[in-house]
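Visitor: Sequence order for the protein chains is A and B. Letter 83 of the first sequence, counting from 1, is numbered 83 in the numbering used here, and no numbers are missing. Letter 42 of the second sequence, counting from 1, is numbered 42 in the numbering used here, and no numbers are missing. Even glycine gets a Cβ: it sits at the ideal position worked out from N, Cα and C. The structure presented is a predicted model; accordingly, all values stated were derived computationally and were not measured. Pasting in a structure now, in C-alpha cells, and then I'll have a few things to ask.
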Amino acid sequence: MDNAEQKNANEEAPSVIDRYFTRWYRADMKGKACEDHCILQHSNRLCVITLAETHPVLQEGRTVKSINYQISNGCSRLNNKVTGKSKRGGQFVTDFAPLCRITCSDDTQYTIYSCIRGRLLEVNENILKTPNLLLEKPSTEGYIAVILPKFEESKSITENLLRREEFEEIVSKRGQSHPP
Amino acid sequence: MLPLKEKDKPIIQKLLAAGCCARCILRFCCLSVQAAYRQPAQETMKELKAFIAVKENTKHQESVALPSTQENNGSYDAAASEAPADPPSKRAKLDPSETAAQTGESAAGQLEESRVCVVCLGILQHLCGTEQATKISETVKKEKYEFDTLVLSVSLPAQLCVREHSCWLHVKKEVREKGLVLDKDDVIQVKEAFKWIMQGLVAKELKGVAVVSKSMFEIGLEFIHLETDSDCHFLAKSCPDCFRPTKNKQSVFTRMAVVKALEKISDATFLQHYPCPPPQPASCCLPLDVQCLHMSVFIAGRYNKFCRSLPQTPWVIDGERKMESSVEELIAAPILSAFRADGFNFSSSGREDVDVRTLGNGRPFAMELLNPHRSRLTKVDMKQLQEEINTLSDKIRVRDLQMVTREAMSHMKEGEEEKTKSYMALVWTQKPIQREDIVFIDDIKDLILDQKTPLRVLHRRALAVRQRVVHSMSTRFVDSHHFYLGLKTQAGTYIKEFVHGDFGRTKPNLCQLLKTDVDILELDVESVDVDWPPAIPE
Numbered sequence: 001m002d003n004a005e006q007k008n009a010n011e012e013a014p015s016v017i018d019r020y021f022t023r024w025y026r027a028d029m030k031g032k033a034c035e036d037h038c039i040l041q042h043s044n045r046l047c048v049i050t051l052a053e054t055h056p057v058l059q060e061g062r063t064v065k066s067i068n069y070q071i072s073n074g075c076s077r078l079n080n081k082v083t084g085k086s087k088r089g090g091q092f093v094t095d096f097a098p099l100c101r102i103t104c105s106d107d108t109q110y111t112i113y114s115c116i117r118g119r120l121l122e123v124n125e126n127i128l129k130t131p132n133l134l135l136e137k138p139s140t141e142g143y144i145a146v147i148l149p150k151f152e153e154s155k156s157i158t159e160n161l162l163r164r165e166e167f168e169e170i171v172s173k174r175g176q177s178h179p180p
Numbered sequence: 001m002l003p004l005k006e007k008d009k010p011i012i013q014k015l016l017a018a019g020c021c022a023r024c025i026l027r028f029c030c031l032s033v034q035a036a037y038r039q040p041a042q043e044t045m046k047e048l049k050a051f052i053a054v055k056e057n058t059k060h061q062e063s064v065a066l067p068s069t070q071e072n073n074g075s076y077d078a079a080a081s082e083a084p085a086d087p088p089s090k091r092a093k094l095d096p097s098e099t100a101a102q103t104g105e106s107a108a109g110q111l112e113e114s115r116v117c118v119v120c121l122g123i124l125q126h127l128c129g130t131e132q133a134t135k136i137s138e139t140v141k142k143e144k145y146e147f148d149t150l151v152l153s154v155s156l157p158a159q160l161c162v163r164e165h166s167c168w169l170h171v172k173k174e175v176r177e178k179g180l181v182l183d184k185d186d187v188i189q190v191k192e193a194f195k196w197i198m199q200g201l202v203a204k205e206l207k208g209v210a211v212v213s214k215s216m217f218e219i220g221l222e223f224i225h226l227e228t229d230s231d232c233h234f235l236a237k238s239c240p241d242c243f244r245p246t247k248n249k250q251s252v253f254t255r256m257a258v259v260k261a262l263e264k265i266s267d268a269t270f271l272q273h274y275p276c277p278p279p280q281p282a283s284c285c286l287p288l289d290v291q292c293l294h295m296s297v298f299i300a301g302r303y304n305k306f307c308r309s310l311p312q313t314p315w316v317i318d319g320e321r322k323m324e325s326s327v328e329e330l331i332a333a334p335i336l337s338a339f340r341a342d343g344f345n346f347s348s349s350g351r352e353d354v355d356v357r358t359l360g361n362g363r364p365f366a367m368e369l370l371n372p373h374r375s376r377l378t379k380v381d382m383k384q385l386q387e388e389i390n391t392l393s394d395k396i397r398v399r400d401l402q403m404v405t406r407e408a409m410s411h412m413k414e415g416e417e418e419k420t421k422s423y424m425a426l427v428w429t430q431k432p433i434q435r436e437d438i439v440f441i442d443d444i445k446d447l448i449l450d451q452k453t454p455l456r457v458l459h460r461r462a463l464a465v466r467q468r469v470v471h472s473m474s475t476r477f478v479d480s481h482h483f484y485l486g487l488k489t490q491a492g493t494y495i496k497e498f499v500h501g502d503f504g505r506t507k508p509n510l511c512q513l514l515k516t517d518v519d520i521l522e523l524d525v526e527s528v529d530v531d532w533p534p535a536i537p538e
C-alpha cells in the first residue's frame, strides 16, 4: 500500500479532524502576539476549542505547570453541567469569555478564550491530570472545551474567524517581520 | 307498528311540541328496536301522531305542559285520514302555537318536514338514508380498498351533547315515570341510531361486506354545524377545569370535554344558561367528506447495504438533500406501491453510518405501512416483492421479507442493548507495525469502555458517559501501517470512536492500546445478532 507509506511520510496523520471538521483560527487573541486559537467546527455545527500550533505555550522547550478552569472567584468551568438532548444548564459563552488559564513552568500565564458564541458543553478534564496532552496533542486529546453554537448562528459564528489559508499567511508574515 | 307504551305518550307529545324529529322521539322513549329506526322517518312521524291521538280525551287532562289542543287535533287528522306525507294546512296550524310557546322567533307557516330537529340537527332526519349510503360506497369503491369487513365511525358536533342534555331535562320526569330504572343512559344515542340505520344500507351497497364494530377498515363520517357551535360556550364559564387548552387541539370544546362538563354541571345552572328544550336551528348539519382508513399493516425483514455512500434514512441539511437515495427509500418504494399505502414508518435494529456497509445476514428492520389500500399479500406475493426490491438496486439487498404483527415489531427493539454486533474495520497506524505488534489484541476479552457521547452525535444526543463492552477482537495483518480488526461488541458501542479515540473521549481506545495514532479507514457490520424476524428459507 504505497498510499499508506506516503501518508506515513507526512507529519500529519489522515486524521479524524480532516474528515469531519473545518479548521478556523483567531490570531493574536485580544491583541497579544501569537496567542492563536484554533476552532474545529464539526459538520454538525459543534465546535472544539484548541490551541493553535503557533501558541506560545506549545513553543519549543516549554512545559505546563498548571491549568485552571476557575476563571474567576465566582465561576469555574468545571461546574458546567448540561442535561438532556437540549443541553439545558450549560454556561453560555461569548467570543471573549475566558475558558481557562494555563501557567507555564516559567510562570508566564495565558488565558484561553471561547472565540465563539455558544453553549459550553464540556471542558477537557484529562488535561488537568495529564497537562502534557496539551503539548503532545494540542488539536485532539489536548483540546480545551466543546461549545455548541446556537442553531441559527452555526454559520455566522465563523464570520469573524480566519480560514486556514488566511491564518497561514499571517503566520508566514510574522516570520518575515520578526526574523528569529 | 311501533312498539310504544301508554307511558310514552307524554314524552312524545312534549318532544313533538319541542320540535324533535320522529327518530329522536323514539330515542327518548328508550326504544331499542332497531327496525323502528330503519323505517322511513315520515312513516314514523305519522305513526307517532296517530298513537298519541288515539286516547286523546283521557290523555288530555294529564298532559299539563302541552301548549294547546290544536296540535293534537292536527295529528289526529293526519292519522285518521291516512293522508300522504305532507298535508300542509294542519302543520301550519301546529307551528305557530308551538314556536310561540317555545321560542317565539321562528317564522310562522314553516313546514314541519323542512324544520330541522332541535336535538340531532338533522342527522337522523335528512342525513341517514340510501343516498348517503350510496355516497359512502362510491368513495370506498373509487379508492379500491381491499377489505372483508368495515366499521362505521361517526363524529358528531360536540354541541349535540348539550342539546341532548337540554332535551333530557325537558322530558326527564316523563321518562322516569315510564320506567323506574330508566335514566339518561337509557336514551338511545344519536350515533347508535344512526349506525342501526346506516350499517345495513352501506353493507347492501357494498354487496354484502359485513359492517361490524371492530374492523381493520374504517369509514369515517363527520358532521359539523357551525350555526350552533356556540351552544357549548357557556360550559367553559361553568366548568373551566374541563376546558384546558392543549397543544394539538384546534378547539377546547371537544366531545369528551363537553360530556365531562355536562356530568358536572347542576340542572339548575344548566337551565340558567341554556334553553330547555333546545332552540330551533335554521340549518341542517353539514356532512364532511367521507374518510376511509385502513389500519396499518406491518412488515419486517433484514437488509444488506453494499454501498459506502448511502445513508440509512434521507439525509437533509438546511432543507437540502445531501445524498440521492437511502436504504429506507430503496426498500420502501416498491413496498408502498404493492400495498398502495399512503406512507410508512421505518425502524431498524440500530443503524449504520453512511460510509459503513452491512454484510452477512443483514440488519433486521420493520415498517409500518400507513393506510394500505391493499393488505392481503400471500407469502408468494411477499417473495416477489422482495425480488423486485433486489432487482431495482444493487446497493442494497433484502431477505426474510414478511408480514408481521404490531406486537411482533417490539421484539426488534426489546433487549437491544444486550444484543451483540460484529464488525470488521480496516485500521491505519501512524507508527509502522509488525505482525507480532498486534497479536496481543486477539487475547483481549470483555474490554469495558467508557464512551462519552461521540462529538459526531453530541448535537442530538444527551451528553453522558456510557459503559460498553467489547467482547472479543481479532486481527489480520495487512502491511506495516494497516490491519483488519474484527470486533464483537455490545450493541450501542461506537466503533469508530473506539478506534480513533474521539479526542480521548472514549477510553480505553485503540490508540492507547497500540501506543500510536490510529485511524479507521473502512468499517463493515458483519452481523447483527437479533433473531427476529424469523428466517424464511429460500
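Mind the definition here: the region 299-309 of chain B touches the region 392-403 of chain B only if three or more C-beta pairs lie below 8 Å; say whether that holds.
Guide: As far as the Cβ criterion goes, the region 299-309 of chain B touches the region 392-403 of chain B, which means the pair count is three or higher.
Visitor: Can you confirm whether residue 492/B, when its beta carbon is compared against all beta carbons of chain A, has any partner nearer than 8 Å?
Guide: Taking Cβ atoms only, chain A never reaches closer than 8 Å to residue 492/B, which makes this a no.
Visitor: Name the residue from 110/A, 152/A, 86/A and 115/A whose alpha carbon lies nearest to the alpha carbon of residue 462/B.
Guide: It is 86/A.
Visitor: Quick one: is residue 165/A buried, meaning 16 or more other Cβ sit within 10 Å of its Cβ, or exposed?
Guide: By the neighbour-count rule (16 or more Cβ atoms within 10 Å), residue 165/A is not buried but exposed.
Visitor: State the DSSP-derived secondary structure class of residue 304/B, mapped to helix, strand or coil.
Guide: Of the three classes helix, strand and coil, the one that applies to residue 304/B here is strand, per DSSP.
Visitor: Hey, does residue 141/A have any beta-carbon neighbour from chain B nearer than 8 Å?
Guide: Yes, contact with chain B.
Visitor: Give every residue of the same chain whose Cβ lies closer than 8 Å to the Cβ of residue 503/B, excluding the five residues on either side of it in the sequence, and list them in chain order.
Guide: The residues are 455.
Visitor: For a contact defined as C-beta to C-beta under 9 Å, what are the partners of residue 15/A on chain B?
Guide: Going along chain B in sequence order, the residues near residue 15/A (Cβ under 9 Å) are 500, 517 and 519.
Visitor: Using only the alpha-carbon positions, how far apart do residue 33/B and residue 338/B sit?
Guide: Spanning the two alpha carbons is a distance of roughly 44 Å.
Visitor: Comparing alpha-carbon positions, which option in 173/B, 326/B and 493/B lies nearest residue 417/B?
Guide: When each option's Cα is compared against that of residue 417/B, the closest is 493/B.
Visitor: Straight-line CA distance for residue 536/B to residue 436/B?
Guide: Computed Cα separation, rounded: 43 Å.
Visitor: So, does the region 517-530 of chain B touch the region 419-434 of chain B, judging by three or more C-beta pairs under 8 Å?
Guide: Because the criterion of three Cβ pairs below 8 Å is met, the region 517-530 of chain B and the region 419-434 of chain B touch.
Visitor: In or out: residue 366/B buried (at least 16 other Cβ within 10 Å) or exposed?
Guide: Its Cβ being crowded by 16 or more others within 10 Å, residue 366/B is buried.
Visitor: Could you check whether the Cβ of residue 158/A sits closer than 8 Å to any Cβ belonging to chain B?
Guide: For residue 158/A, the answer is no, since every Cβ of chain B falls outside 8 Å of its Cβ.
Visitor: In three-state DSSP terms, what is residue 128/B?
Guide: DSSP places residue 128/B in coil when its eight states are reduced to three.
Visitor: Using a Cβ-Cβ cut-off of less than 9 Å, list which residues of the region 448-480 of chain B approach chain A; keep chain order.
Guide: Here the close residues are 452, 455, 456, 457, 458, 459, 460, 461, 462, 463, 478, 479 and 480.
Visitor: Are the C-beta atoms of residue 504/B and some chain A residue less than 8 Å apart?
Guide: So yes, residue 504/B belongs to the interface.
Visitor: Could you tell me whether any Cβ in chain A is nearer than 8 Å to the Cβ of residue 106/B?
Guide: Legend: pLDDT at residue 106/B = 39, less than 50; position of this residue unreliable, no value from coordinates given.
Visitor: Between the region 76-92 of chain A and the region 480-496 of chain B, do three or more beta carbon pairs fall short of 8 Å?
Guide: Short answer: they don't touch.
Visitor: Pull up the CB-CB distance for residue 335/B and residue 385/B, whole angstroms please, since I reckon it's below 8 Å.
Guide: Residue 335/B to residue 385/B, Cβ: 6 Å. Contact.
Visitor: Quick check: is the beta carbon of residue 122/A nearer than 8 Å to any beta carbon in chain B?
Guide: Chain B contact via Cβ: present.
Visitor: How many Å lie between residue 150/A and residue 220/B at the Cα?
Guide: Each residue's alpha carbon lies about 44 Å from the other.
Visitor: Let me check you understand the geometry: is the CB of residue 351/B closer than 7 Å to at least one non-hydrogen atom of the ligand GDP?
Guide: This structure simply doesn't include the ligand GDP, nor any ligand for that matter.
Visitor: For residue 269/B, which residues of its own chain have a beta-carbon under 6 Å away from its beta-carbon, when the five flanking residues on both sides are left out?
Guide: Here the set comprises 238.
Visitor: The alpha helix (DSSP H) that contains residue 37/B, what's its start and end?
Guide: Here the alpha helix (DSSP H) through residue 37/B covers 34-38.
Visitor: What does residue 85/A touch in chain B if you count any residue whose Cβ is under 8 Å from its own?
Guide: Simply 460, 461 and 462.
Visitor: If you draw a straight line from the alpha carbon of residue 11/B to that of residue 46/B, how long is it in whole angstroms?
Guide: Cα to Cα, the separation comes out at about 16 Å.
Visitor: Going along chain B, which residues have a C-beta under 9 Å from residue 48/A?
Guide: Result: 455 and 503.
Visitor: Please state whether the Cβ-Cβ distance between residue 252/B and residue 161/B is less than 8 Å.
Guide: Against a cut-off of 8 Å, the Cβ pair of residue 161/B and residue 252/B comes out as no contact.
Visitor: Spatial neighbours of residue 63/A within its chain, please: CB distance less than 6 Å, with the 5 preceding and 5 following residues excluded, ordered by chain position.
Guide: Around residue 63/A: 105.
Visitor: What are the start and end residues of each continuous beta strand (DSSP E) run of 3 or more residues lying completely inside the region 62-129 of chain A, in chain order?
Guide: 64-68, 98-104, 109-113 and 118-123, all fully within the region 62-129 of chain A.
Visitor: Per DSSP, what are the beta-bridge partners of residue 522/B in this structure?
Guide: Per DSSP, 426/B.
Visitor: Quick one: using the 10 Å Cβ neighbour count with 16 as the cut-off for buried, is residue 53/B buried or exposed?
Guide: By the 10 Å Cβ count, residue 53/B comes out buried.
Visitor: Mind listing, in chain order, the continuous alpha helix (DSSP H) runs of no fewer than 4 residues lying wholly within the region 365-392 of chain B?
Guide: Runs of the alpha helix (DSSP H) inside the region 365-392 of chain B: 379-392.
Visitor: If I measure Cβ to Cβ from residue 169/A and keep anything under 6 Å in the same chain, skipping five residues before and after, which residues do I get?
Guide: So no residue of the chain qualifies.
Visitor: Please go through the same chain and pick out, in chain order, the residues whose beta-carbon is closer than 7 Å to the beta-carbon of residue 7/B, but skip the five residues on each side of it.
Guide: The residues are 177 and 178.
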